[in-house]
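Numbering (the numbering used here), first residue to last: -3 to 340.
Before any comments, here is the structure.
In structure tokens form, the structure reads like this:
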């Protein structure tokens, strides 16, 4: 290598390291972390000088939120010199447990997991932690934080998300009417929080009647089946809150086919199809569950743990809130751009 080549390689490495550090600041800057801590974490969590191997799993790649998270983890992995291997949860607690048992039988620099259900993965995760592997918990609790030594837990405030969208729907129907909540998986702590948020709003409005609260387990086929029956059973439905956008949009297609598009629809995740639906009026509102920030943040946190020995509670909080905003027509375009860059 010539001196010019060496200088060029050094500059390229510096630029890539700076990009990684800037990306870390962008990711962590919105996570409820102070600007000072965000800057410190970004500095410490620069691109790894050696290739790292990380294992990731989320609830199931059939869900668009999970699929986007995989893309974000792989994107941020390339920036930080991390090779990401995926273990699909397949929207099934038993199948995910088998995948995580397989994960735990191998050696990784760090792992990141979104559990389909709380308590379903505790044993294999504890084996990895006891073996010295940093485990980052994403979006939903693997187990209560006081009972498992995860490196950090990156998650939105699910009660806020459920309450904010429900409030928007209640306001849209004037504080009275008949509403339905379609839940995710009942064992998923994120779904539990969204349900609590929904309940916290509707109980304030005595003229709101909740017709149904059945779970569809994040499965669009189940959501369609439920809504085909609801539209036959209930001649009047004013609003519907869905625990994710995939189920909301699947149900909208049923409503459209039956000429029931007067129903106000709210979802969670603010995925690109839902942003488009809010923009054109098919959905009334959604709220951003920042898949990119959570999965990309897991990369940053894992690299810092491995390369810099970052410690839980000292260098990184045990629980980091990763909230995103309610999405309306006014901010939809900007939100779409941020997602395209894997920033939120």
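For glycine and all other residues, C-beta sits at the position ideal for the given N, C-alpha and C.
State the Cα-Cα distance for the pair residue i and residue j, rounded to the nearest angstrom.
{"i": "residue 156", "j": "residue 324", "result": "16 Å"}
{"i": "residue 236", "j": "residue 253", "result": "17 Å"}
{"i": "residue 259", "j": "residue 209", "result": "16 Å"}
{"i": "residue 306", "j": "residue 64", "result": "27 Å"}
{"i": "residue 140", "j": "residue 88", "result": "20 Å"}
{"i": "residue 172", "j": "residue 158", "result": "18 Å"}
{"i": "residue 143", "j": "residue 170", "result": "44 Å"}
{"i": "residue 124", "j": "residue 332", "result": "36 Å"}
{"i": "residue 128", "j": "residue 146", "result": "11 Å"}
{"i": "residue 164", "j": "residue 283", "result": "10 Å"}
{"i": "residue 272", "j": "residue 329", "result": "9 Å"}
{"i": "residue 327", "j": "residue 244", "result": "20 Å"}
{"i": "residue 219", "j": "residue 304", "result": "45 Å"}
{"i": "residue 9", "j": "residue 166", "result": "The pLDDT assigned to residue 9 is 41, lower than 50, so where the model puts this residue is not dependable; a value taken from the coordinates is nonetheless given after this. Cα to Cα, residue 9 sits roughly 52 Å from residue 166."}
{"i": "residue 199", "j": "residue 168", "result": "17 Å"}
{"i": "residue 390", "j": "residue 335", "result": "Nothing can be reported for residue 390, as the shown portion of the chain is limited to -3 through 340."}
Can you name the residues that DSSP bridges to residue i?
{"i": "residue 211", "result": "179"}
{"i": "residue 236", "result": "176 and 261"}
{"i": "residue 53", "result": "109"}
{"i": "residue 48", "result": "78"}
{"i": "residue 205", "result": "174"}
{"i": "residue 322", "result": "283"}
Within the same chain, show all residues whose beta-carbon is closer than 6 Å to that of residue i, passing over the 5 residues directly before and after it, in chain order.
{"i": "residue 77", "result": "43, 44 and 47"}
{"i": "residue 223", "result": "247 and 250"}
{"i": "residue 238", "result": "178, 244 and 263"}
{"i": "residue 152", "result": "285, 318 and 319"}
{"i": "residue 80", "result": "50, 52, 69, 70 and 73"}
Short of 7 Å in beta carbon distance, which residues of its chain neighbour residue i, apart from the five on each side in sequence? Order them along the chain.
{"i": "residue 215", "result": "87"}
{"i": "residue 160", "result": "283 and 322"}
{"i": "residue 187", "result": "179, 180, 181 and 239"}
In chain order, what residues of the same chain lie with their CB nearer than 8 Å to the CB of residue i, ignoring the 5 residues before and after it?
{"i": "residue 148", "result": "132, 133, 297, 308, 312, 313, 314, 315 and 316"}
{"i": "residue 270", "result": "241, 244, 245, 263, 279, 282 and 323"}
Hey, is residue i's beta-carbon within less than 9 Å of any beta-carbon in chain B?
{"i": "residue 326", "result": "Note that chain B does not occur in the displayed structure, where there is just one protein chain."}
Report task. Taking only runs that begin and end inside the segment 249 to 320, name each unbroken alpha helix (DSSP H) of 4 or more residues, in chain order. Result -> 268 to 276 and 287 to 304
Requested in this report: Kindly confirm or deny that the segment 58 to 73 and the segment 283 to 290 touch, where touching means at least three C-beta pairs closer than 8 Å.
Outcome: Taking 8 Å as the limit for Cβ pairs, the verdict is that the segment 283 to 290 does touch the segment 58 to 73.
Query raised in the report: Are the segment 107 to 121 and the segment 169 to 184 touching by the rule of at least three beta carbon pairs closer than 8 Å?
Result: yes
Requested in this report: Entirely within the segment 71 to 159 and at least 3 residues each: give me those beta strand (DSSP E) ranges in chain order.
Outcome: 78 to 82, 106 to 109, 131 to 134 and 148 to 151
Report task. Please confirm if the segment 312 to 322 is in contact with the segment 92 to 100, defined as three or more CB-CB distances below 8 Å between the two stretches. Result -> no
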